[in-house]
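Heads up: the sequence shown begins at -13 in the working numbering, then just goes up one per residue.
The C-beta atom is built at its ideal place from N, Cα and C for all residues, glycine as well.
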Amino acid sequence: MTKKRILFVDDEQHVLDALRRMLHHMRGQWDMRFATSGKAALGILATAPQDVIVADMRMPGMDGVTLLDEVRKSHPGTIRLVLSGHSDTSTALQSVRHAHQFLLKPCRAEELTAAIDRATTFQDIFSNEAVRTVVARIETLPSLPRTYLELLQELRREEPSLRVVGELVNQDVGMSANILKLVNSAFFGLRTHVSSPTHAVNLLGTEIIKALIISLHLFSRFNMDRFPEFSLELLWKHSLTTGLFAKTIAQAEGRRSQEVDDCYISGLLHDVGKLLLAANFEERYQEVLSRSRTERRTVHDMEKEVFAASHAEIGAYLLGLWGLPENVVMAIFSHHAPPATPVTGFSTLLAVHAANGLEHELVVLNADYAPHPMDTAFLDASGMGHRLDAWRQACAKRLTEELHLERKDPLR
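Rendered as structure tokens:
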């Protein structure tokens, strides 16, 4: 197995010495380099490409933000992590655009190795270097223009409503992913991960949300003029309904609130890779969509042919880089191709796979595309196939209720 190349950067030599001692047991898996300045780090990168860079934020000369921004531009395939002892809000917000993840000092060896292992999990599955590089370079995901403008309008009110802000974020794929990346960083020190965008908004508060959107421009609108054939509106509707169905299935199985939230966000974000591909590879993704329609093959299969990776793998790679929970990332990764020998019983993947299939069955948004079939053998192997009819009925009922509520409250 090829060793992962990890570069640690800190202006304090004793910190680097401590890292070297703490991670001594990883020498068989990692090829570690150490630099005491941003300039020295860039010198190493110029001669020896690195898989991961772990940098302090506040260093003399070139600070961590400047270093990581330069790495993003010049070495976009390198995964960028912050390891900092400075936990003020300004530091965290400065890093959010430039780093994939934010870790706080002191950081235990298990925590640091786990973060690096999770971030690099999907690196080796991409034979398409161009796709991997684009994914690693991404700072933010675009949002539905209408939702973005409604959110700006609400935040510019004299007293913005957290409920309204939470509802808007909760219904948008790009906004939800961007918010969850920040709130699950070590900066907030939460004991459990947050999978509910509404909960994340309440934790952050309106001032931080304002800073993210208005000052740091973390959120952006999808440019529909560049790719009119790609319907972000249909993707949004499919993603929202799949999240709703996955949540409904989890509730039908009596799962805990955290599991219900995990299922919802996994369903909402399961097609985030399509958004990423459409925003960064317009012409080639147009080919995918056109051939999928004319050849009546699934978009998933066409993506594999054109990009050597599907939207499921690409989306999971990005969200893994951003530090989202492992069960959420794996559910997104496998939602079209679940394992032949799954874990027996309920799982986030099970809920998302079933929800995606039921959404295609109960809501036909675009008949031009061949839907990906549900893998009933996977459901049976999980010991949950007998529950499919009950889930179908629960999801159909929930869909009717939501349509009724939507007519009464357009915000929903």
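| Asked | Found |
| --- | --- |
| Asp158 to Gly152, Cα distance in whole Å? | 10 Å |
| Within its chain, find whatever has a CB closer than 6 Å to the CB of Arg384; leave out the 5 residues flanking it on each side and keep chain order. | Thr234 |
| So, helix, strand or coil for Arg207, using DSSP? | strand |
| Would you tell me roughly how many angstroms separate the C-alpha atoms of Val187 and Leu148, rounded to the nearest one? | 7 Å |
| Which residues in the same chain have their Cβ closer than 7 Å to the Cβ of Ala85, if we skip the five residues on either side of it in sequence? | Leu54, Arg66, Leu67, Val68 |
| Flag this pair as yes or no: are the beta carbons of Val180 and Asn170 separated by less than 7 Å? | yes |
| Please classify Ile102: is it buried, with 16 or more other beta-carbons within 10 angstroms of its beta-carbon, or exposed? | buried |
| How many whole angstroms separate the CB atoms of Phe251 and Val314, which I take to be in contact at a CB cut-off of 8 Å? | The sequence given here places Ile at residue 251; Phe does not occur at that position. Between Val314 and Ile251 the Cβ distance is about 6 Å, and since that is below 8 Å, they are a contact. |
| Counting only runs of 4+ residues fully inside the stretch 122 to 190, write out the alpha helix (DSSP H) ranges in chain order. | 131 to 141, 148 to 156, 159 to 169 |
| Evaluate Asn164 with the Cβ neighbour count: other Cβ atoms within 10 Å of its Cβ, from every protein chain shown; 16 or more gives buried, anything less gives exposed. | buried |
| Of all the alpha helix (DSSP H) runs that stay within the bounds of the stretch 263 to 340, which reach a length of 4 or more residues? | 268 to 281, 285 to 293, 297 to 307, 312 to 319 |
| Under the assumption that Ser70 contacts Met43 (Cβ atoms under 8 Å), give the Cβ distance between them as a whole number of angstroms. | 4 Å |
| To which residues of the same chain is Glu(-2) closer than 7 Å at the C-beta, ignoring the five residues directly before and after it? | none |
| Tell me which residues share the same chain as Thr386 and place their Cβ nearer than 8 Å to its Cβ, disregarding the 5 neighbours each side in the sequence. | none |
| Taking the alpha-carbon of Arg241 as reference, which of Ser333, Asp(-4), Gly29 has the nearest alpha-carbon? | Ser333 |
| Taking the beta carbon of Gln379 as the centre, do at least 16 other beta carbons fall within 10 Å, making it buried, or is it exposed? | exposed |
| Over what stretch of residues does the alpha helix (DSSP H) that includes Ala367 continue unbroken? | 362 to 367 |
| Just verifying my parser: in three-state terms, what is the DSSP assignment at Leu90? | strand |
| Helix, strand or coil for Phe231? Go by DSSP, reduced to three states. | helix |
| In whole angstroms, what separates the C-alpha of Arg6 from that of Lys196? | 40 Å |
| Taking the alpha-carbon of Asn342 as reference, which of Val329, Leu374, Pro128 has the nearest alpha-carbon? | Leu374 |
| Where does Gln139 land, buried or exposed, given buried means 16+ other C-beta within 10 angstroms? | exposed |
| For the alpha helix (DSSP H) that contains Leu54, what are its first and last residues? | 50 to 60 |
| Sort out for me which residues DSSP pairs Ser70 with in a bridge. | Leu90 |
| Count the other CB atoms within 10 Å of the CB of Pro183; is the residue buried (16 or more) or exposed (fewer)? | buried |
| Between Glu299 and Phe319, which are expected to be in contact by the criterion C-beta below 8 Å, what is the C-beta distance as a whole number of angstroms? | 6 Å |
| In the DSSP assignment, what residue or residues form a beta bridge with Val38? | Ile(-8), Ile65 |
| Tell me whether Asp248 is buried or exposed, calling it buried when 16 or more other Cβ atoms sit within 10 Å of its Cβ. | buried |
| Around the C-beta of Gly253, are 16 or more other C-beta atoms found within 10 angstroms, so that it is buried, or is it exposed? | buried |
| Tell me where the beta strand (DSSP E) around Arg7 begins and ends. | Taken as a continuous stretch (DSSP letters only), Arg7 belongs to no beta strand (DSSP E), being part of the alpha helix (DSSP H) at -1 to 8. |
| Can you tell me where the alpha helix (DSSP H) with Ala100 in it begins and where it stops? | 95 to 106 |
| Can the beta-carbon of Thr228 be found less than 7 Å from the beta-carbon of Glu345? | yes |
| Determine the extent of the alpha helix (DSSP H) in which Asp110 is found, giving its start and end residues. | Run containing Asp110: none; DSSP gives neither H nor E here. |
| What is the DSSP secondary structure of Arg212, counted as helix, strand or coil? | helix |
| As a quick exercise: from His0, Thr280, Leu230, Ser296, pick the residue whose alpha carbon is nearest that of Leu262. | Ser296 |
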